[in-house]
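Following this line, the structure appears as structure tokens:
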């Protein structure tokens, strides 16, 4: 989901936290945390293992047909290009709403991206810029 600024222009920057006037659908900031909170923890309709699979492996598998780099995503195994998140199951929750769409989720204790800590003990390093964008190959034509 693209982020839009209050003047209607698309937001193309990389600032984090996002600018206060950046808007999008609230699930842009809390899709997977909402799923884990609601369907795994609260409703108990999905196991934690299956919930993590739905949030990591399945999206990578869906995108792998059009974006080969996704074949190495979504799993922890030798040779995989995995980011690692450690969260507090009891406090993991989305906080974004339609009136505050860019609120980050809470309950993430640690996040390692490309081997570099991005969140440590629940504190986001706003200066860190690890990782690389995943791009679909450009086809001629």
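Numbering (the UniProt record's numbering), first residue to last: 1 to 141. Glycine residues also receive a C-beta, built at the ideal position from the N, C-alpha and C atoms. From a predicted model like this one, the values you see are computed outputs, not experimental measurements.
Residue environment analysis places residue 87 among the buried positions, since at least 16 neighbouring C-beta atoms fall within 10 angstroms of its C-beta. Between residue 105 and residue 94, the C-beta gap is smaller than 7 Å, which places the two residues in contact.
Within the same chain, and ignoring the five residues on either side of residue 40 in sequence, the residues whose Cβ sits closer than 6 Å to its Cβ are 46, 48, 51. It is roughly 10 Å from the alpha-carbon of residue 107 to the alpha-carbon of residue 123. Sequence-distant partners of residue 136 (beyond 5 residues in either direction) whose C-beta falls short of 7 Å from its own C-beta, in its chain, are 66, 67.
The Cβ-Cβ distance between residue 30 and residue 57 does not fall below 7 Å. Measuring C-alpha to C-alpha distances from residue 130 to each of 70, 138, 92, 111 identifies 111 as the nearest. Going by C-alpha positions, residue 17 is about 26 Å away from residue 63. Between residue 121 and residue 109, the beta carbon gap of about 7 Å places them in contact (Cβ cut-off 8 Å). For residue 86, the enclosing beta strand (DSSP E) starts and ends at 84-87. Between residue 25 and the set 42, 134, 38, 100, the nearest pair of CA atoms involves 100. Shown here, residue 18 sits in coil according to DSSP, grouped into three states, outside any helix or strand.
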